[in-house]
Structure formats: structure tokens, C-alpha cells
Amino acid sequence: GTRPPKPMRSAAAVSALSDLFIQAIGKQAPRGWYIIVRTDNTLPPSGQGPFMARAARGIAEALGADMYEIEPAQPYTSADLDWHDRKSRSSVEMDDEMCRPAIAGAACDVSAYDAVFVGFPVGWYVEPRIIDTFLESHDFSGKTIVPFATSGGSGLGRAPQRMQNIAAGSTVVEGRLLN
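Take the sequence shown: its position 62, counting from 1, is numbered 63 in our numbering, and each next residue is one higher.
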């Protein structure tokens, strides 16, 4: 098998990531790029949320993309995100494959975009369940989805494969870890 890509660091990583995705997609998307990101400033273990937000802004600027941030309808507390506690909200959600946390605010419209970057902190080797909520809430037929993530110690794991199964009709490319 192939070895997963190494994590990328710094502002130079954002530029390299943009180039990688342009190559993966094979063109500049004619109808533009859209950056979808889930950040969380309280996410353990090392403040990945602020880094994810900076990375997403950097990618958006490099590509001239629009940006939308996924926010949970019920904000997470530090206790909710304590992955050491098997009864914490995040642990319970990740143990339930069908869990779909509600998203706050107005839905975004992805119909005008050909490529959608989806950024998130990896937990349990997959995307957060709220990303699944987002993917199931939109029609990604014919679109390219580009995952990018931060992690306290794992890679993207099964996230790209799971995202491909959820976003039927899309093409989910390999993606990158950015921490």
C-alpha cells in the first residue's frame, strides 16, 4: 500500500496544499472554490481550532475562494470535548455512526461551486459527525470534495472513504493533514 502523506506545517504548507489540490482536481474550478471548515477553539489537545481557522483562511485567500464555517446548533463545552471521558458528548457522538449533530444558522449553497474543501479536526480516525450532517444536507453530485484536517496524533484515517460514501455522486480526493 501507499504511505499516507506527511503532515504539512506553516504558511508554505497552505501554498503547497493549494497546489496539490489544483493538481488533484486537474484544473482551476471554473465556478470557483468553496472552503467549508469546522473549527473549535476549545478542541484538545493543542488548540487545533485556531490553526484550522488560519489554514482555511490561507487556502481561501490562495485560491480566491469563498468560506463558510460550520457551527453546531448546541456549542461544545470543554467537558463535551473530553475524549478521555467515554460519556462526554463528543465520545458518545463518535460511538454512534448515525449521530448527526444539528448545524446552527443558515445553510450554505454549494450548487455554484465545482470544488469544495472541507476542513475539520480528526478524531477517532474519522471526520466529526457534524461534517456528516453537512455532507448529507447538500447535493455534491459532480463536485470534487477535498478534505483537509488537523490532528493531535493520527492521520486522516478513514475520513476520505467515509466522506465519499456519504456524499454520493461526488469525487473525494485524498486530502492532507495540516498540523
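From the three backbone atoms N, C-alpha and C, an ideal C-beta is built for every residue, glycine too.
Residue from the options whose Cα sits closest to the Cα of residue i
i, options, result
"residue 78", "62, 91, 142", "91"
"residue 141", "177, 166, 98, 170", "170"
"residue 118", "88, 87, 150, 129", "150"
"residue 51", "116, 146, 111, 120", "120"
"residue 162", "152, 148, 153", "148"
"residue 129", "109, 159, 57, 113", "159"
"residue 108", "93, 85, 70", "70"
Close beta carbons around residue i, own chain, < 7 Å, minus the five adjacent residues each side
i, result
"residue 106", "72"
"residue 80", "89"
"residue 167", "133, 136, 137"
"residue 1", "With the chain running from 2 to 180 in the structure shown, residue 1 is simply not present."
Same chain, Cβ closer than 8 Å to residue i, five either side skipped, listed in chain order
i, result
"residue 155", "123, 126"
"residue 97", "130"
"residue 31", "Note that residue 31 scores a pLDDT of 42, beneath 50, so its modelled location is shaky and nothing firm can be said."
Straight-line gap, residue i to residue j (C-alpha atoms, nearest Å)
i, j, result
"residue 66", "residue 54", "14 Å"
"residue 174", "residue 87", "32 Å"
"residue 75", "residue 104", "8 Å"
"residue 138", "residue 102", "12 Å"
"residue 179", "residue 172", "21 Å"
"residue 131", "residue 59", "23 Å"
"residue 82", "residue 89", "7 Å"
"residue 145", "residue 134", "18 Å"
"residue 95", "residue 111", "26 Å"
"residue 152", "residue 115", "27 Å"
"residue 84", "residue 56", "24 Å"
For residue i: DSSP bridge partner residues
i, result
"residue 177", "149"
"residue 134", "Answer by DSSP bridge pairing: none, since residue 134 is not bridged."
"residue 124", "127"
"residue 118", "36, 147"
"residue 172", "145"
"residue 76", "Beta-bridge pairing links residue 76 to no other residue."
"residue 60", "According to DSSP, which records beta bridges pairwise, residue 60 is partnered with nothing at all."
"residue 104", "73"
Expected contact under 8 Å - CB spacing of residue i and residue j to nearest Å
i, j, result
"residue 164", "residue 136", "6 Å"
"residue 143", "residue 157", "23 Å between Cβ atoms; not a contact."
Cβ-based neighbour list, residue i, same chain, cut-off 6 Å, excluding 5 preceding and 5 following
i, result
"residue 61", "36, 68"
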